[in-house]
Each structure stands twice: as C-alpha cells, then as structure tokens.
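Reading through the structure tokens given below for one structure.
2 protein chains.
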Amino acid sequence: MTSDRLDIHNSDVPVVCRSCEARHRGVCGALSPEQLVQLSRHTRRRTFDETTEVFSTDERAVTYANILRGVVKLEKLMADGRRQIVGLKFAPDFLGRLFRDQSDCASVATTGTEICSFPKLLLERIIEEVPAMRERLHNQALNELDEAREWMLALGRKTASEKVAAFLYFIACHMNPEDNAAKVPEDEVTFDLNLTRAEIADFLGLTIETVSRQFTNLRKARLIEIHHRTHIVVPSIKALREAGGS
Amino acid sequence: MTSDRLDIHNSDVPVVCRSCEARHRGVCGALSPEQLVQLSRHTRRRTFDETTEVFSTDERAVTYANILRGVVKLEKLMADGRRQIVGLKFAPDFLGRLFRDQSDCASVATTGTEICSFPKLLLERIIEEVPAMRERLHNQALNELDEAREWMLALGRKTASEKVAAFLYFIACHMNPEDNAAKVPEDEVTFDLNLTRAEIADFLGLTIETVSRQFTNLRKARLIEIHHRTHIVVPSIKALREAGGS
DNA sequence: CGGATCTTTGACCACTCTCAAGTGAAGTGG
DNA sequence: CCACTTCACTTGAGAGTGGTCAAAGATCCG
Numbered sequence: 014m015t016s017d018r019l020d021i022h023n024s025d026v027p028v029v030c031r032s033c034e035a036r037h038r039g040v041c042g043a044l045s046p047e048q049l050v051q052l053s054r055h056t057r058r059r060t061f062d063e064t065t066e067v068f069s070t071d072e073r074a075v076t077y078a079n080i081l082r083g084v085v086k087l088e089k090l091m092a093d094g095r096r097q098i099v100g101l102k103f104a105p106d107f108l109g110r111l112f113r114d115q116s117d118c119a120s121v122a123t124t125g126t127e128i129c130s131f132p133k134l135l136l137e138r139i140i141e142e143v144p145a146m147r148e149r150l151h152n153q154a155l156n157e158l159d160e161a162r163e164w165m166l167a168l169g170r171k172t173a174s175e176k177v178a179a180f181l182y183f184i185a186c187h188m189n190p191e192d193n194a195a196k197v198p199e200d201e202v203t204f205d206l207n208l209t210r211a212e213i214a215d216f217l218g219l220t221i222e223t224v225s226r227q228f229t230n231l232r233k234a235r236l237i238e239i240h241h242r243t244h245i246v247v248p249s250i251k252a253l254r255e256a257g258g259s
Numbered sequence: 014m015t016s017d018r019l020d021i022h023n024s025d026v027p028v029v030c031r032s033c034e035a036r037h038r039g040v041c042g043a044l045s046p047e048q049l050v051q052l053s054r055h056t057r058r059r060t061f062d063e064t065t066e067v068f069s070t071d072e073r074a075v076t077y078a079n080i081l082r083g084v085v086k087l088e089k090l091m092a093d094g095r096r097q098i099v100g101l102k103f104a105p106d107f108l109g110r111l112f113r114d115q116s117d118c119a120s121v122a123t124t125g126t127e128i129c130s131f132p133k134l135l136l137e138r139i140i141e142e143v144p145a146m147r148e149r150l151h152n153q154a155l156n157e158l159d160e161a162r163e164w165m166l167a168l169g170r171k172t173a174s175e176k177v178a179a180f181l182y183f184i185a186c187h188m189n190p191e192d193n194a195a196k197v198p199e200d201e202v203t204f205d206l207n208l209t210r211a212e213i214a215d216f217l218g219l220t221i222e223t224v225s226r227q228f229t230n231l232r233k234a235r236l237i238e239i240h241h242r243t244h245i246v247v248p249s250i251k252a253l254r255e256a257g258g259s
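Which chain is which? The protein sequence lines are A and B, in order. Under the numbering used here, the first residue of the first sequence carries the number 14, and numbering increases by one thereafter. Under the numbering used here, the first residue of the second sequence carries the number 14, and numbering increases by one thereafter.
The following block contains the structure:
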C-alpha cells in the first residue's frame, strides 16, 4: 500500500502515529515527522464503548480530534427533543469546530469509535505555521459543505423511499475501505450498518417506523438483502443509486 | 466607520474597488493595494436583470466571483424537476466552488444582483501566496457549513410554520445592513423580501401554497405584517425567532 | 427462561401536497 | 379611461405521504 512509500522514515514517526490513517489521508499528513512528534506529546486516545458525546454543545471544547476508527454523528437537538443528525464523520476525519469555543451541534460517537484528541490552541498554532495543514482542513470543510448540501436536497425534496435508498448508497460508498476516493464499485456491495433505525431516522428527517417500512420495501423490491438486522447486501449499487434519486 | 481607517491609502486602491464591500468584509480584504491592482486588472463586473445563472452545473466555471449587491441562490435540481435551494449568498460573499471545475449546484442571481468575477487560476495563485486570503475563504466555508447544518435541522425536523418563521428570521438578520455581524435587533424590524414564494418554497422544501398559507397564519398571529406582497414588518423579532423553533 | 431493547407491522390520523378556482396588482392596447 | 391579459399570490377542497399510537416479533444477554 501507499504506507510503504511514505514510511521510509517511519522510525522518526511517533509510535502512536505509526498505524494511524490520519497521518496519510487525514490532517496529520500535512506534518513532518518532527511536527508529528511535537503534536503527539499532547494527544490523547479515547475509545467509546457506548453512545457518548465527544463534544457537546454546552461545554466549551478545548480540544479537537481525529477519528481513528468508527463513526461520529453530528447532531442538533431542539428544545422539545426533536433531533436531526447533520453530518456523519468517518476515520480519518477531523472533528471539531475550528476557531470557535462552542459548536452549535454535538459530536456523538457510536459504539467502538476511537479518537485521538489534541489541544485546540496547539492545532491553531500549527495551522498558522503550516500552510499545508490549513489547506487540508479547508478542503475537508469544502467537502463537508458539498455533502451537507447534497443532504439538504434529500431532506427537502426526496420521498421517504428515496431518502433511505440514498442513505444506503451513501453508507455503501463510505464503508467500503477498498474503494479509494471516488471509485464506485460496479456490482454487489456488502457492508455492516452500525447505525440503529433511530439514528437513520434522525439523519433522514423521518420516524423509526417509516425507515423500517422503507427497508422492507427496498427488500421486497430486491434492491437490498438484510441479514441479522445490520448486514446489508446490495446486488446492484447502480440500481440503489437510481432508487435514491440520482 | 471602519472604512476611514482602512482607506488611508485609498489612492492606491483601484477605482473599481473603492466602493466595494468585498474589500472590507469580503475576501479582497486580505489583499494589499498592490495585490488589489493586480487582481482588478482581470475582474469583470456583471449585473443581472432577471433570474439568470451565474454558474451552472453543466459548464465548467473558469471564474470565481464576489457578490457586490443582491442575492444569489445556490440550487440543486433533480431529473424530474424537483428543486432545492441549498444556500443563499449575500454581498460581499465569495461565489464558486474552490479547487473544482464543476460545482454540483447552480448559482442563480436574483434581479438586480451585481457580481465581480475574476479568473479561477489567478485567485488560486493568490491563495497560495497570501495566507490571509485562504484564511478568509476557509472561514467563509466554515460559516456556510454552520448555516447549511442549521437548515438541515429545519428541513428535516421543523413544521411548515416553523420553517417559514425561521426563514423570515434568517432574512431579517441578513437584510438589515445596520446590524453588523452578530448583533440582533431587539424590537421592530422591517425589510423587503426580494424572493418570490416559489423561491422560498424551494428553500424550505415546501410548496408555494403551503408557504402562502403559513404567511397568512403568521400574519393572523400578528407575528408579521405584509404590505404589497414583499414588504415585511416584524413587530418583535424575538417572537419571530421563537416561532421558528429556537 | 425472562426481561430489555430494537425492529417490524398494522390501523388510523394529520400535515402537507395536489388540483382548481379566485384575487389583486401591473402592464397593454383599444 | 377602462377592458383585458398576465403573473404572482391566496384560498379552498380533497387526497396521499408519512406520523402517531399500539402491539407483536426479533435479538441479545443476564
């Protein structure tokens, strides 16, 4: 893999960073081994066993983080309890609202998620010093913006059935580690859905029941197979994409 | 105002830039007079008399732009004609998808909008050379992301009535030139709505009819007054904000 | 096995959409 | 000056998608 080429000076790289994807595809890829050493002295790894908040809206966050493994939900909550997930982040995404003490949405880890956090001020100093770091963060923000707008179309104009199909297509594209970047697999795709129906509903602006009904509709239409609640088989990813309205 | 302080060297600033807000609050504020002169040699002003596309999704855009006056809609269109407005941009916002030939949404100007466009490659070179320029663009992207996520909550979880109230609150905050940045006026607010009901509907994921009905509901609830279709009076901006679900 | 939790399914209901008609303002031409 | 068109908006009646409420299956785990 690419890591062989990049790891010529692996011995200079901090131990904790050696197997970390954020060092390649994530923001840490902008740093030299020396800078990595400097940053890694202040990092802290955390694993989440259940659904717990990484950053809440109330407390002032003093750290940023990289996702090492798992999925993190960005969610907004209304006073009466209505919830909307406004983003899903995967390894090796950067986590946290840059240049603000408080984000207006909470970052919530799903089970088995692992992150590597570091002080806000330290990263902000690095951003000033390392243009490549700002470039990476800027690009992640632009990509997240594209993605958010794609979901605005779904939330505003797609039917329940299209929403669920588009969601499954989205997950299929993000879950398959082998397809780098934009490469979309042609035929059968298989993945494990580690989000509950409630989380999917909160992402799509639907209820649990409607999500469940649309899953069975997609199953009856032979667009997906479901095994053991979470394991999804998509015979034709192309057909699923079309069912999602694009 | 701030312009007095910044305009000590006004004579060095290109004529076309002298009365331009983008030079202060927009991205051009990152540039020195010399850099402004360099950029302004390649800029082109355009005014839009009707609803016309600034950048479409099909053509590869070769320019970026600043909005000088008016409102620009970012919209997505589905194959069957369903439309979703995924962003509204106001002067002096920057326009265009950085580092991509094609955006996945069209930028459409409303009547009376004026923009200042410049070559993509030129700006991209400036970004490399002027860190403050990337910083401004990065910050605009982060703000747009916050805004997009705020609307995802509305699109996914708010009722029609909350959506329209939240929309009016949003416009009230953006239209009033006197309130800089985050300052929210306390009492009565007045503004002209230069978007049609169809545009509002496409922004909120509703139909024209539902938008119209919610306008009359808000009027009957004395949360707004409507004069001549477009002129809105809000007696209490606070009450309107609460009607919008926050 | 029993209990807890998540998911599925059904019946009913309501919010919003669809379709249709009507209103008002602005512009055109006789 | 007033019919007449046009266009955006409003209002109404009926329909349908998705929500609500309730109950029954699954799955997990003690």
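Quick reminder that beta carbons are idealized off the backbone N, C-alpha and C, glycines included.
Taking the alpha carbon of residue i as the reference point, which residue from the options has its own alpha carbon closest?
| i | options | result |
| --- | --- | --- |
| B:Arg73 | B:Thr64, B:Thr56, B:Lys133 and B:Cys33 | B:Lys133 |
| A:Arg58 | A:Val40, A:Cys33 and A:Gly42 | A:Cys33 |
| A:Gly109 | A:Val67, A:Gly42, A:Ala178 and A:Thr123 | A:Val67 |
| A:Asn137 | A:Met165, A:Leu150 and A:Ile237 | The sequence given here has Glu at residue 137 of chain A, not Asn. For the residues A:Met165, A:Leu150 and A:Ile237, the minimum Cα distance to A:Glu137 belongs to A:Leu150. |
| B:Asp106 | B:Lys171, B:Cys129 and B:Leu135 | B:Cys129 |
| B:Ala145 | B:Ala256, B:Pro27, B:Ser45 and B:Arg170 | B:Ser45 |
| A:Arg226 | A:Val40, A:Ser259 and A:Thr172 | A:Thr172 |
| A:Tyr182 | A:Pro248, A:Leu155, A:Arg38 and A:Arg170 | A:Pro248 |
| A:Thr209 | A:Asn189, A:Asp200 and A:His244 | A:His244 |
Using a 10 Å radius around the Cβ and a threshold of 16 neighbouring Cβ atoms, would you call residue i buried or exposed?
| i | result |
| --- | --- |
| B:Asp17 | With a pLDDT of only 46 at B:Asp17, under the threshold of 50, the placement of this residue in the model should not be trusted; the figure read from the coordinates follows. Per the 10 Å Cβ criterion, exposed. |
| B:Asn79 | buried |
| B:Glu141 | exposed |
| B:Ala195 | In this prediction, B:Ala195 has a pLDDT of 49, which is less than 50 and means its spatial position is unreliable; what the coordinates show is noted afterwards. It is exposed - the Cβ of B:Ala195 has fewer than 16 other Cβ atoms within 10 Å. |
| B:Arg254 | buried |
| B:Arg242 | exposed |
| A:Glu157 | buried |
| B:Phe131 | buried |
| B:Ala92 | exposed |
| B:Ser116 | buried |
| B:Glu47 | exposed |
| B:Thr56 | buried |
| A:Gly39 | buried |
| A:Arg113 | exposed |
| A:Arg36 | buried |
| B:Arg170 | buried |
Please compile the residues from chain A whose C-beta is within a distance smaller than 8 Å of the C-beta of residue i.
| i | result |
| --- | --- |
| B:Pro27 | Under the 8 Å cutoff, chain A gives no residues; its nearest Cβ is about 27 Å from B:Pro27. |
Indicate whether residue i and residue j have their beta-carbon atoms separated by less than 7 Å.
| i | j | result |
| --- | --- | --- |
| B:Asp205 | B:Arg96 | no |
| B:Ala234 | B:Ile221 | no |
| A:Thr64 | A:Ala119 | no |
| A:Ile213 | A:Val202 | no |
| A:Arg82 | A:Glu127 | yes |
| A:Val85 | A:Lys102 | yes |
| B:Ala185 | B:Ile139 | no |
| B:Thr76 | B:Asn207 | no |
| A:Leu87 | A:Val99 | yes |
| B:His49 | B:Val26 | Here residue 49 of chain B is Leu; the residue named in the question, His, does not match the sequence. Yes. Within cutoff. |
| A:Ala161 | A:Gly257 | no |
| A:Leu168 | B:Leu111 | no |
| A:Phe180 | A:Leu231 | no |
If the cut is a Cβ gap below 9 Å, which residues of chain A does residue i touch?
| i | result |
| --- | --- |
| B:Leu111 | His151, Asn152 and Leu155 |
Given that residue i touches chain B, what residues does it touch there, using C-beta distances under 7 Å?
| i | result |
| --- | --- |
| A:Arg95 | Arg170 |
List, in order along the chain, the chain B residues whose C-beta lies closer than 9 Å to that of residue i?
| i | result |
| --- | --- |
| A:Leu181 | By Cβ distance, chain B contributes nothing, its closest Cβ being about 18 Å from A:Leu181, past 9 Å. |
| A:Asp117 | Asp159, Arg162 and Glu163 |
Could you list which residues in chain A have their beta carbon closer than 7 Å to that of residue i, in chain order?
| i | result |
| --- | --- |
| B:Val99 | Arg162, Met165 and Leu166 |
| B:Gly39 | In chain order: nothing, as chain A lies at least about 17 Å away. |
| B:Gly258 | Met91 |
Review point. Closer than 7 Å, Cβ to any Cβ of chain A: which residues of the region 123–147 of chain B, in chain order?
Key: Pro144 and Arg147
Point to revise | Short-range partners of chain A found in the region 208–222 of chain B, where Cβ spacing is below 9 Å | key: Asp215, Phe216, Leu217, Gly218 and Leu219
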